Amino acid sequence: MQLLATGVLEVQDMWQRTTLSLGRMTMRRGQVGLAIAVLAAGLLLAAPAARADSITYEFTSCHITGGCGTAPYGTVTLTQNGTTVDVTVHLNDGSKFVQTGSGDQYAVKFELSSGFTVTVDQTVPGQTLAVTYDSSNTLDGDGTGNFNFGICATTTGGACAQIGGGAGFTNDITFHVASATISDFIANDKGNFFVADILSGQTGKTGPVDVSGTQVAEPGTLLLLGSGVIAVELWRRARGLRRR
């Protein structure tokens, strides 16, 4: 948000300086075109400063008998950090990660384009988070399709096992994918990117929620949209000056 605020302030400053210049003098056609071109270039340069190499997805699809309450139920944020993608999975409304799947027991499952090296941070006291890669894509998403990666919590560091609501955890799950880009996160056979097994903080029911690919707009995207609006307004003002 700080980067977005910085970019917006830069655009506001350019807007004020440019409109002040337009108001003080009647510009010839060439001068008007040059002023708008300079402003457009400045806006494009400001946009990267406001845009991080990051996208955020929301868990909006509920597959829980008894319901999940009001979406979104959580978020998945992917950030490109050099050649590594850092991922944070967060649940809203006090919901907990659990492992109650009928086929296998994972807190989070996701799909990557290949068998990348995935390292998970140990963020849950008293439990060990472990990563599983299945090249056959048979990690069952309980109605959300099959995935090739899963993360589970164990108390012994052994095989994944059932974790009900009492042993669930609210801590974010964070992990890192080496030698990868954000585009290596792909949809599975049912069009889903991530699924989390949760105990809903709104309804008290357990089951999967998933991400089907709709991402939250990046700050840079919003800034460029605003830049287009500003450019149109400047063009209108310039036309008005030429007609005087």
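Going by the numbering used here, the first residue of the sequence shown is number 183, and it counts up by one from there.
Ideal placement from N, C-alpha and C gives every residue a C-beta, glycine not left out.
On a predicted model such as this, the values are computed, not experimentally measured, just so you know.
Of the residues Thr238, Gly340, Ile246 and Ser236, which one's Cα is nearest the Cα of glycine 383?
As a first step, residue 383 must be located in the sequence shown, where it is residue number 201. Nearest C-alpha to glycine 383: Ile246.
Could you please give me the residues that DSSP links to alanine 289 through a beta bridge?
Locating residue 289 in the sequence shown gives position 107, where the first residue counts as 1. Answer by DSSP bridge pairing: none, since alanine 289 is not bridged.
For the beta strand (DSSP E) containing asparagine 263, name the first residue and the last one.
What you label residue 263 is simply residue 81 of the sequence shown in a count that begins at 1. Note, asparagine 263: beta strand (DSSP E), 256-263.
Hey, could you find the ends of the beta strand (DSSP E) cysteine 334 is sitting in?
In the sequence shown, counting from the first residue as 1, residue 334 sits at position 152. That run of the beta strand (DSSP E) goes 331-336.
Euclidean distance between Cα positions of threonine 270 and threonine 257:
Indexing the sequence shown from 1 puts residue 270 at position 88. Indexing the sequence shown from 1 puts residue 257 at position 75. Distance between the alpha carbons of threonine 270 and threonine 257: 8 angstroms.
Compare the Cα-Cα distances from aspartate 268 to each of Gly276, Thr259 and Ser318 and report the closest residue.
Position 86 of the sequence shown holds residue 268. Closest option to aspartate 268, judged by alpha-carbon separation, among Gly276, Thr259 and Ser318: Thr259.
Could you say which of Val377, Phe241 and Gly264 lies nearest to aspartate 322 if we only look at CA atoms?
In the sequence shown, the residue the question calls residue 322 occupies position 140. Closest by alpha carbon: Val377.
Option nearest threonine 305 by Cα separation, candidates Asn319, Asp316 and Gly350:
Within the sequence shown, numbered from 1, the residue matching residue 305 stands at position 123. Of the listed residues, the one whose Cα sits closest to threonine 305 is Gly350.
CB threonine 301 to CB phenylalanine 357, shorter than 8 angstroms?
Within the sequence shown, residue 301 is the residue found at index 119, counting from 1. Within the sequence shown, residue 357 is the residue found at index 175, counting from 1. Taking 8 angstroms as the Cβ cut-off, threonine 301 and phenylalanine 357 qualify as a contacting pair.
Is it true that the stretch 278-287 meets the stretch 326-343, where meeting means three or more beta-carbon pairs spaced less than 8 angstroms apart?
yes
Using CA atoms only, rank isn't needed, just tell me which of Lys372, Gly348, Pro307 and Val393 is closest to asparagine 319.
Taking the sequence shown and counting its residues from 1, the one referred to as residue 319 is at position 137. Of the candidates Lys372, Gly348, Pro307 and Val393, the one whose C-alpha sits nearest the C-alpha of asparagine 319 is Lys372.
State the beta-bridge partners of threonine 320 as determined by DSSP.
Here the question's residue 320 lines up with position 138 in the sequence shown. Its beta-bridge partners do not exist; DSSP assigns none.
Going straight from the alpha carbon of leucine 273 to that of serine 296, what length do you get?
Position 91 of the sequence shown, counting from 1, holds the residue named residue 273. Position 114 of the sequence shown, counting from 1, holds the residue named residue 296. Cα to Cα, leucine 273 sits roughly 26 angstroms from serine 296.
Close beta carbons around threonine 352, own chain, < 8 angstroms, minus the five adjacent residues each side
Position 170 of the sequence shown, counted from the first residue, corresponds to residue 352. Contacts found: Leu273, Gly276, Ser277, Lys278 and Phe279.
The beta strand (DSSP E) spanning leucine 381 covers which residue range?
In the sequence shown, residue 381 corresponds to position 199, counting from 1. Here the beta strand (DSSP E) through leucine 381 covers 376-381.
Residues near threonine 265 by beta carbon distance below 6 angstroms, same chain, minus five either side:
Translated into positions along the sequence shown, residue 265 becomes position 83. Same-chain partners within the cutoff: Ser361.
One question on the structure: do glutamate 240 and valine 393 come within less than 8 angstroms of each other, judged by their Cβ atoms?
For the purposes of this step, residue 240 is identified with residue 58 of the sequence shown, where counting begins at 1. For the purposes of this step, residue 393 is identified with residue 211 of the sequence shown, where counting begins at 1. The criterion of a C-beta distance shorter than 8 angstroms is satisfied by glutamate 240 and valine 393.
Give the DSSP bridge partners of glutamine 314, in chain order.
In the sequence shown, the residue the question calls residue 314 occupies position 132. Checking the sequence, you will find threonine at residue 314 rather than glutamine. DSSP lists Gly332 as partners of threonine 314.
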